[in-house]
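Take a look at the structure set out below.
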Amino acid sequence: MLTRGTLIYIAQRLALIVFTLIAVSFLVFVTVHTLPGNAFESDRVHGRALQLLLHEYGLDQPVLVQYWNFLLNALHGNLGVSFQIRGLPITPLVMRELSVSAELGGTALLITIGLGTTFGVIAAMRQNSWVDYTLTSIAVVGYSVPSFVFAGLGVLIFSYFLPSVTNGVISYPAIWTGTYGTLVELSLPAIILGFYTSGQVTRITRAAMLEVLQQDYIRTARAKGLKTRVVTIRHALRNALIPVISILGPLVISIITGSVIIENIFGIPGLGKEFVESILAADYNVTVAVFTVYALLIGIANLIVDLLYTVVDPRIRY
Amino acid sequence: MTDPILDVRNLSTHFFTDDGEVKAVRGVSFHVQPGETVGIVGESGCGKSVTAMSVLGLVQRPGKVVNGEIMFKGRDLLKLNKEELRNIRGRDIAMIFQDPLSSMNPVLRVGYQIEEAMHAHNKIADAQIDARTIDLLKQVRVSDPERRVKDYPHQFSGGMRQRAMIAMGLSNKPDLLIADEPTTALDVTVQAQILELLRDLNEQTGAAIVLITHNLGVVAGLCKRVIVMYAGEIVEEGTVEQIFESPQHPYTWSLLRSVPRIDASRRARLLSIEGLPPDLIDLPAGCKFNPRCPFRIERCFSEAPLIEQVAPMQLAACWVTMEKAYAEMGAGDITDTSPGAASGVHPKGRQVLPEAEVTATVAESVGD
Amino acid sequence: MATIATPVFEQEYAGGTVARAQVGLWRDGFRRLRRNRLALAALVYLILLFLVAIVAIFWTPYNPATILPNTLTYLGPSAGHPLGTDDLGRDLLSRMMQGAQISLIVGLGTSLVVLTIGVVVGLIAGYFRGWVDTVISVFINIFYGIPGILVAIVLYLVLGRGLGNIMLAISATVWMDMARLVRGQAFSIREREFIEAARASGAKSGKILFGHILPNSLGPIIVQATFVIPIAILTEAFLSYLGLGIPSPLASWGSIASEGYAALPLEPYMMLWPAIALSVTLLAFNFLGDGLRDAFDPRQRR
């Protein structure tokens, strides 16, 4: 499996990722710097004091020079310092928030795939029955109803009507209490996030299963006298999963998008929340750093998905 | 005569679609002796595949077997429950299909798919399965079987894939192998090889073979007995020699005549049977072939002929039969085979349209 | 009903004719759409919503932005205010009606922008191929690698808040699907013989693009455009919810929901209305899109 062709492919992809990161960070850097205002300007700081501050942080230099410095530092692992919180190094900040977002996103991803594929398979096996209609409708509701509706609903239920169940851990308005959420704290946002994207997975799984079940090799498997369960799982599902894997990349992106919203709703200190705060506060370096980290995550996720293809479908080799 | 291994009695399978009830197979009866090679011939849509699928219970919604008995080794397959039927599939009766590329699971290794059949049925001891898989591939003349076992279907050529399918079918030493158009998707030269293989396997293993095809040449190459189907019914049955040398049903006769001959004059027109098969939802009364039959008589419009013996071992469902057509209607030197041409019989209220009017009417109806 | 068999056979027997009538793709599609009750219900709802939005141009019970004097805040549904009032004493019904306008404008507007960009880019890439296609494809792939919402936020803030700019910002995150779809269509249709014929008779590229390729791909393009609408509405709602969207005092359903969330323990109604409105509207667009796709996608089987 790990052939020379595959290794070359991986190397090419990694190079592409690096190129994308540089392009993305450059574009965001320049774009963000066109926003009016800066992080330091306020009623108290202006005039000469402001100039000094700007100079200290290198904000009075041309944008391209600023970017060059940023890039050089970044290659050494130093993503600069925050302006909002003066001098706070960005790299450890982003790393910490990344772990939070990853935990949230990872859990949500598991829920999405687990829920989505299960519903999709069941709906396909019982096509056009009430089970099918119910599950498909649940899927549509999942990606139609905005997540803040569920968030509001969830908060309402848990903090208003059932405070005893959660021992008051989920309290209104903010849920987060520590850097690493406990299972209870994490579950509601993760479930909402996971449910939101599971709708797509359900639909694709169902469509893929239906198509696979029409295939001739399923007929052959039945003609061989294999048990129904074997035919479904060993023959049908394995082939149906191939199109599902193809949306894993966009799925990760959906989860990232969704997590930005969810983190802001629930006040979870992850990358998403940081992004919104930083851009509103003109804390450019942080904005660029977060954006770039996201781009890196997506690049790696896409690479993993493409490699996953070779495992599942023997017809694909690089 | 020994007991047949497969005895189909009065089988009827209908499809309940939104457009109506498609009566795909109606009252079909035939039998297969142990070790025999039987061919079922007919054009697309005549019901031959549906018949085969009905035997193994593979007919899916909206299709349903509505009548009949399928006796296999003393048991009626239609009365078995799902589990019992599953036990027979792939073990006592095996079936292989037309397109070997789509018939094999692309993500599983070929060897695995062959073994699967054996693992599922416990007829072959576990310890012997691996060796037998390689053996089977040898038997079906796949070269380098030890290596090929680990390959995926897309790494095989078309002919090899069909051989692998045959190996899959024979893996549990079934008493009966049903092959549904096994050579249709293959090149002509490969076709010949596959047929030869099937013939040899029939001799070696003693498994009966039912070969379904629309190609008369294929039948001639392999089968001892031939069954001809048309529009969901059996219209003729007999040994290969009888069918080819003295067909009694006008449909069979027309089919044989329509095969292009290499020794025919270059100017000779390609003969075909005028018209199309009937609508299976809305069937005409009487003999289903009457709209296209040159030899039809009055009775053909109102009464459907029963299948009767016309010669030792030969049965046909026709009021006229070719014997009479040769004797009384000049079938020997017939030139016009349009419906009713030889017998001069037409349904009431219809004029025979001369050429010019025919064209005009075509234009009119197309203008609808 | 036209038959394929020669007319000699029409009167042969009382049974039916052999071939079933050929029905055109569009007629067949509309017939199937009419049978899809869910899609029809969705369409009815959307038409009603559209009417409400149009009415709102001319009249709302109160001015949505006016903080009414002597009006209680956080009022539940009552005679004077059927949907209640918000935290500043503004009438919710009026604000919801304005929100309807905004959602529909953003939804349809974004769809149109995406349609334009996507179709143009896709046609160029798919028809001319070569390095043009490579460059465009790389461009598309870069956009695919960035989380849409981040792009939307950055672009929106850079362009400045406003209805038009939010449509542009959202378009930048979803145009790729349309471009890829059109590109694929252009690829396959390009290969068909009648294009060869057109080129042989001297038709210019533009004419071929718009005269032949585009009309033949209309089905999937329309379906895709329909699906862009709920995505746009949802994204706008999210942005407004986060305070990064439509500037106040304009009322978007998303911003009403955001204010409603803050007021949840005091007055759950304030979040209820936009929640219902958004959910039903988005569901309606999705069901309609599904219905259109089932009806007009020739690859679908029953």
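Protein chains in written order, with the numbering used here: chain A, 1 to 318; chain B, 1001 to 1368; chain C, 2001 to 2302.
Yeah, the Cβ is synthetic: ideal placement off N, Cα and C, and Gly gets one too.
Bear in mind that the values here come from a model prediction, so they are computed numbers and not experimental data.
Closer than 8 Å to chain A by CB, residue i
i                    : result
phenylalanine 2238/C : yes
aspartate 1099/B     : yes
serine 2137/C        : no
methionine 1313/B    : no
serine 1365/B        : Its pLDDT being 39, under 50, serine 1365/B is placed unreliably by the model, and the measurement read from it follows with that caveat. Taking Cβ atoms only, chain A never reaches closer than 8 Å to serine 1365/B, which makes this a no.
glutamate 1116/B     : yes
alanine 2056/C       : no
leucine 2048/C       : no
Proximal residues of chain B, C-beta to C-beta of residue i below 7 Å
i             : result
proline 314/A : Val1107, Tyr1152
Residue i - containing beta strand (DSSP E), residue span
i                : result
glutamine 1309/B : 1308 to 1311
threonine 1213/B : 1208 to 1213
leucine 1177/B   : 1176 to 1180
Contacting residues, own chain, Cβ-Cβ under 6 Å from residue i (five flanking each side not counted)
i                : result
glutamine 1314/B : Gly1238, Gln1242
leucine 1085/B   : Gly1057
leucine 2250/C   : none
glycine 1332/B   : Tyr1326
proline 1305/B   : Cys1287, Ala1317, Cys1318, Trp1319
Identified DSSP bridge partners for residue i
i                : result
aspartate 1007/B : His1031/B, Met1071/B
glutamine 1314/B : Ala1311/B
proline 89/A     : Val81/A
histidine 1014/B : Lys1064/B
threonine 1037/B : Ile1209/B
glutamate 1236/B : Val1228/B, Ala1316/B
Contact list for residue i against chain A, beta-carbon separation under 7 Å
i                 : result
glycine 1047/B    : Under the 7 Å cutoff, chain A gives no residues; its nearest Cβ is about 18 Å from glycine 1047/B.
serine 2279/C     : Ser144, Val145, Val149
alanine 2257/C    : Phe148
alanine 1185/B    : Neighbours of alanine 1185/B on chain A: none; closest Cβ ~11 Å, over 7 Å.
methionine 2271/C : Gly152
Same chain only: Cβ atoms within 7 Å of residue i, ignoring 5 sequence neighbours per side
i             : result
valine 2113/C : Met2167, Leu2168, Ser2171
valine 305/A  : Ile245, Leu248, Gly249
valine 286/A  : Ser82, Ile90, Glu274, Ser278
Any chain C beta carbon closer than 8 Å to residue i
i               : result
alanine 152/A   : The identity of residue 152/A in the sequence shown is glycine, whereas the question assumes alanine. With 8 Å as the cut-off, glycine 152/A counts as an interface residue toward chain C.
glycine 194/A   : no
threonine 310/A : no
threonine 292/A : no
Interface residues of chain A facing residue i [CB-CB closer than 9 Å]
i                 : result
asparagine 2165/C : Residues of chain A passing the Cβ test: none, with the nearest at roughly 14 Å.
asparagine 2286/C : Val140, Tyr143, Ser144
valine 2158/C     : Thr31, Val32, Thr34, Leu35
arginine 1418/B   : Shown here, chain B extends from 1001 to 1368; a query on residue 1418/B therefore has no answer.
Chain-ordered chain B contacts of residue i [CB-CB under 8 Å]
i               : result
histidine 235/A : Asn1105, Leu1108
arginine 219/A  : Leu1058, Phe1097, Ser1103
8 Å Cβ cut-off: residues of chain A touching residue i
i                 : result
isoleucine 2153/C : Phe275, Val276, Ile279
leucine 1176/B    : Going along chain A, no residue has its Cβ under 8 Å from leucine 1176/B, so there is no contact; the nearest lies around 12 Å.
leucine 1056/B    : Ala223
First through last residue of the alpha helix (DSSP H) which encompasses residue i
i                 : result
leucine 2043/C    : 2037 to 2058
isoleucine 1088/B : 1082 to 1088
alanine 1371/B    : Chain B is shown from 1001 up to 1368; residue 1371/B falls before or after that span and cannot be answered.
glutamine 214/A   : Premise fails: glutamine 214/A is in no alpha helix (DSSP H) and is neither H nor E.
proline 968/B     : An answer regarding residue 968/B cannot be provided, because it is not within the stretch 1001 to 1368 covered by chain B.
cysteine 1300/B   : 1298 to 1302
leucine 2264/C    : Unbroken run through leucine 2264/C: none, as it is neither H nor E.
threonine 1002/B  : Taken as a continuous stretch (DSSP letters only), threonine 1002/B belongs to no alpha helix (DSSP H), as it is neither H nor E.
proline 2230/C    : 2214 to 2241
aspartate 2133/C  : 2130 to 2144
Cβ neighbours of residue i in the same chain (closer than 8 Å, five flanking residues each side left out)
i                 : result
glycine 5/A       : Arg317, Tyr318
isoleucine 1191/B : According to the sequence as given, residue 1191/B is glutamine; it is not isoleucine. So the qualifying residues of the chain are Thr1183, Val1218.
serine 1012/B     : Lys1023, Val1025, Arg1026, Gly1027, Val1028, Val1065, Val1066, Asn1067, Gly1068
glutamine 2185/C  : Gly2122, Gly2126, Ile2213, Asn2216, Ser2217, Pro2220, Ile2221
Cross-chain neighbours of residue i in chain B, by beta carbon under 9 Å
i           : result
glycine 5/A : Simply none; closest approach about 16 Å.
is_contact[residue i, chain B] using C-beta, thresh 8 Å
i                : result
glutamine 200/A  : no
leucine 210/A    : no
asparagine 239/A : yes
Beta-carbon neighbours of residue i, restricted to chain C and to distances below 9 Å
i           : result
valine 24/A : Ile2142, Gly2145, Ile2146
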